[in-house]
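S.K.: Here it is: the structure, laid out below.
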Amino acid sequence: MTMGIAWLTGAPLWLAVAIYMPTSLFIFAIYLMVPLFYRTFQDTTFISMFVTTMTAVYLVFPAMFADVSELAYMSPLTLAVKMYRGEPFGVQEYLFPSLPMILVFGVTVTIAARLLHEEFLMTYYGIGRKFADALYWIIDRRKPARSIFLMSFASIPAVYLMQLVILAVASNLPLRALLIAALVASAALEETVKTMGIAVLIERGETHSLRQIVWLAFLSALGFLAGEKLLTLVSVSVVSQAFLATALFSGGLLLVPLAAHFSFTAIIVLLYARFRRVPYWVALGVGVILHTLYNALILGGAL
């Protein structure tokens with residue numbers, strides 16, 4: 001069908017394949033992770049429909065504003081619109097939506113190879129417990145430090161796509177409350193990704209000292225920052241148009257954001273490890289508040 005439309009419109013066939021292939025891989029990756037969340041066949045149907053709706057919104061909605069904002073390039077369908085019109089676009093505009101999708105596919109297939117076995121698929125716990133089990137299966141308990149670093153590093157494409165959605169919704173909005181909500185959502189997303197693996201190791205008794213927990217927090221922050229900076233190099237000219245992107249994607253050169261990422265991660269996991277009666281979400285909330293204040297400080301007078 002893609003080839004047929006391209007042929008009818010006179011668009012290059014190779015370019016049509018290059019645009020739509022990352023989208024197809026991304027959709028496949030999403031459905032590959034559906035078993036993470038279902039408990040019954042009814043859940044499977046509901047989650048599949050929900051995923052289909054959200055994916056369609058993510059792909060179609062930004063493309064409707066192809067001539068309004070450069071942030072429309074967050075969807076590869078914007079590239080398709082340009083292609084069918086015969087309008088040019090550069091390599092960076094192509095990589096901006098496509099590279100994260102390809103990386104998400106690669107990470108998802110790697111996770112699925114370790115995770116989708118009979119013992120996991122036939123377990124019917126609550127969603128939170130099942131997600132924790134998934135993380136436990138993914139982590140190499142013999143080398144937890146390497147696993148935590150790679151987990152934070154590999155999660156960047158998915159975090160990046162989610163933050164693009166946050167940026168598209170919140171950028172240039174006049175209401176201060178909405179901007180604050182965007183900062184909170186971004187901070188919550190980042191801190192959850194950086195600390196969830198360490199929290200699972202703490203809960204399962206795989207960490208034996210506070211020193212080890214601090215070391216894991218540093219590696220998680222380092223992996224997250226490394227992945228964040230690499231992807232930012234691809235898209236910096238696009239996302240820099242909105243001042244909110246400064247907090248979501250930048251925040252300094254290297255040492256300051258590394259110290260910030262490490263501090264917030266360490267605070268969360270140390271609170272959770274030291275005070276086991278404190279639920280994880282409470283410790284996470286403390287870190288999110290501090291991270292939000294840090295982002296607000298970066299924005300300065302914009303708020």
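Per this note's numbering, residue 1 is the first one in the sequence shown, and the count goes up by one each step.
The beta carbon of each residue, even a glycine, is placed where N, CA and C say it ideally should be.
Need the endpoints of the alpha helix (DSSP H) that residue 144 sits in, please.
M.R.: For the purposes of this step, residue 144 is taken as the residue at position 144 of the sequence shown. It spans 144-154 - the alpha helix (DSSP H) in which residue 144 sits, taken as one unbroken run.
S.K.: Can you tell me which of 48, 131 and 261 puts its alpha carbon nearest to the alpha carbon of residue 292?
M.R.: The residue you call residue 292 lines up with position 292 of the sequence shown. Checking every option, the nearest Cα to that of residue 292 belongs to 261.
S.K.: Does the count of Cβ pairs from the segment 9-26 and the segment 97-109 closer than 8 Å reach three?
M.R.: Touching, yes, given that three or more Cβ pairs across the two stretches are closer than 8 Å.
S.K.: Taking the alpha helix (DSSP H) that residue 100 belongs to, which residues open and close that run?
M.R.: Counting from 1 along the sequence shown, the entry for residue 100 is found at position 100. Looking at the DSSP string, the run of the alpha helix (DSSP H) that includes residue 100 is 91-115.
S.K.: Sort 298, 137 and 280 by Cα distance to residue 120 and report the nearest one.
M.R.: Residue numbering aside, residue 120 sits at position 120 when the sequence shown is read from its first letter. Cα-wise, what sits closest to residue 120 is 137.
S.K.: Pick helix, strand or coil for residue 350, following the three-state DSSP scheme.
M.R.: Lying before the first or after the last residue shown, residue 350 is absent from the chain, which here runs from 1 to 303.
S.K.: Going along the chain, which residues of its own chain have a beta-carbon closer than 7 Å to the beta-carbon of residue 206, five neighbours each way excluded?
M.R.: For the purposes of this step, residue 206 is taken as residue 206 along the sequence shown, with counting starting at 1. Contacts found: 141 and 144.
S.K.: Specify whether the segment 183-194 and the segment 155-165 touch according to this definition: at least 3 beta carbon pairs, one from each stretch, less than 8 Å apart.
M.R.: Contact holds: three or more Cβ-Cβ distances are below 8 Å.
S.K.: Would you report the Cα separation of residue 269 and residue 200, rounded to the nearest angstrom?
M.R.: Within the sequence shown, residue 269 is the residue found at index 269, counting from 1. Within the sequence shown, residue 200 is the residue found at index 200, counting from 1. Cα-Cα distance, rounded: 10 Å.
S.K.: Between which two residues does the alpha helix (DSSP H) harbouring residue 257 extend?
M.R.: Residue 257 sits at position 257 when you count from the first residue of the sequence shown. Start and end: 255-274.
S.K.: Do you know whose CA, among 134, 126, 104 and 106, lies nearest residue 118's CA?
M.R.: Numbered from 1 along the sequence shown, position 118 holds the residue referred to as residue 118. Closest by alpha carbon: 134.
S.K.: Can you confirm whether the segment 279-295 touches the segment 213-232 when touching is taken to mean that 3 or more C-beta pairs between the two stretches lie within less than 8 Å?
M.R.: Taking 8 Å as the limit for Cβ pairs, the verdict is that the segment 279-295 does not touch the segment 213-232.
S.K.: Smallest Cα separation from residue 55: which of 74, 68, 66 and 70?
M.R.: By one-based count along the sequence shown, residue 55 stands at place 55. The option with the nearest alpha carbon to residue 55 is 74.
S.K.: Quick one: using the 10 Å Cβ neighbour count with 16 as the cut-off for buried, is residue 278 buried or exposed?
M.R.: Along the sequence shown, read from residue 1 onward, the residue named residue 278 stands at position 278. Flag for residue 278 reads exposed.
S.K.: CB-CB under 8 Å to residue 48, same chain, minus the five flanking residues each way: which ones, in chain order?
M.R.: Reading the sequence shown from its first residue, position 48 is the one you call residue 48. Taken in chain order, the residues that qualify are 31 and 34.
S.K.: Do we get a CB-CB distance below 7 Å when we pair residue 261 with the residues of chain C?
M.R.: Protein chain content of the structure displayed is limited to a single chain, and chain C is not contained in it.
S.K.: Of the residues 197, 109, 28 and 299, which one's Cα is nearest the Cα of residue 266?
M.R.: For the purposes of this step, residue 266 is taken as residue 266 along the sequence shown, with counting starting at 1. Among 197, 109, 28 and 299, the Cα nearest to that of residue 266 belongs to 197.
S.K.: In or out: residue 60 buried (at least 16 other Cβ within 10 Å) or exposed?
M.R.: To locate residue 60, count along the sequence shown from 1; it is residue 60. By the neighbour-count rule (16 or more Cβ atoms within 10 Å), residue 60 is not buried but exposed.
S.K.: For residue 217 and residue 204, I'd like the C-alpha separation in whole angstroms.
M.R.: Position 217 of the sequence shown, counted from the first residue, corresponds to residue 217. Position 204 of the sequence shown, counted from the first residue, corresponds to residue 204. One C-alpha to the other measures close to 17 Å.
S.K.: Do residue 132 and residue 202 count as a contact pair if the criterion is CB distance below 7 Å?
M.R.: Translated into the one-based positions of the sequence shown, residue 202 becomes position 202. Translated into the one-based positions of the sequence shown, residue 132 becomes position 132. Not closer than 7 Å, so no.
S.K.: Would residue 125 be called buried (16 or more neighbouring beta carbons within 10 Å of its own) or exposed?
M.R.: Working through the sequence shown from its first residue, we reach residue 125 at position 125. Residue 125 should be labelled exposed.
S.K.: Output the distance between the C-alpha atoms of residue 17 and residue 79, rounded to the nearest integer angstrom.
M.R.: Along the sequence shown, one-based indexing puts residue 17 at 17. Along the sequence shown, one-based indexing puts residue 79 at 79. So the alpha carbons of these two residues sit roughly 12 Å apart.
S.K.: Could you tell me which of 222, 256, 93 and 102 sits nearest to residue 151, measuring between CA atoms?
M.R.: Mapped onto the sequence shown, residue 151 falls at position 151. Measuring from the Cα of residue 151, the nearest candidate turns out to be 222.
S.K.: Taking 7 Å as the threshold (C-beta atoms), are residue 108 and residue 29 in contact?
M.R.: For the purposes of this step, residue 29 is identified with residue 29 of the sequence shown, where counting begins at 1. For the purposes of this step, residue 108 is identified with residue 108 of the sequence shown, where counting begins at 1. Closer than 7 Å, so yes.
S.K.: Please classify residue 178: is it buried, with 16 or more other beta-carbons within 10 angstroms of its beta-carbon, or exposed?
M.R.: Position 178 of the sequence shown, counted from the start, is the residue given in the question as residue 178. It is exposed - the Cβ of residue 178 has fewer than 16 other Cβ atoms within 10 Å.
S.K.: Does the distance from the C-beta atom of residue 84 to that of residue 11 stay below 7 Å?
M.R.: As a position in the sequence shown, residue 84 is number 84, starting the count at 1. As a position in the sequence shown, residue 11 is number 11, starting the count at 1. Contact flag set, yes.
S.K.: Any idea what DSSP makes of residue 186, helix, strand or coil?
M.R.: Locating residue 186 in the sequence shown gives position 186, counting from the first residue. Note: residue 186 maps to helix in three-state DSSP.
S.K.: Determine the extent of the alpha helix (DSSP H) in which residue 34 is found, giving its start and end residues.
M.R.: As a position in the sequence shown, residue 34 is number 34, starting the count at 1. That residue, residue 34, is in no alpha helix (DSSP H); it is neither H nor E in DSSP.
S.K.: Starting from residue 280, trace the alpha helix (DSSP H) both ways and give me its first and last residue.
M.R.: The count along the sequence shown starts at 1 and reaches residue 280 at position 280. Per DSSP, residue 280 belongs to the alpha helix (DSSP H) from 280-299.
S.K.: Please report the straight-line C-alpha distance between residue 299 and residue 166, rounded to a whole angstrom.
M.R.: The residue labelled residue 299 in the question sits at position 299 within the sequence shown. The residue labelled residue 166 in the question sits at position 166 within the sequence shown. Residue 299 and residue 166: Cα-Cα distance of roughly 16 Å.
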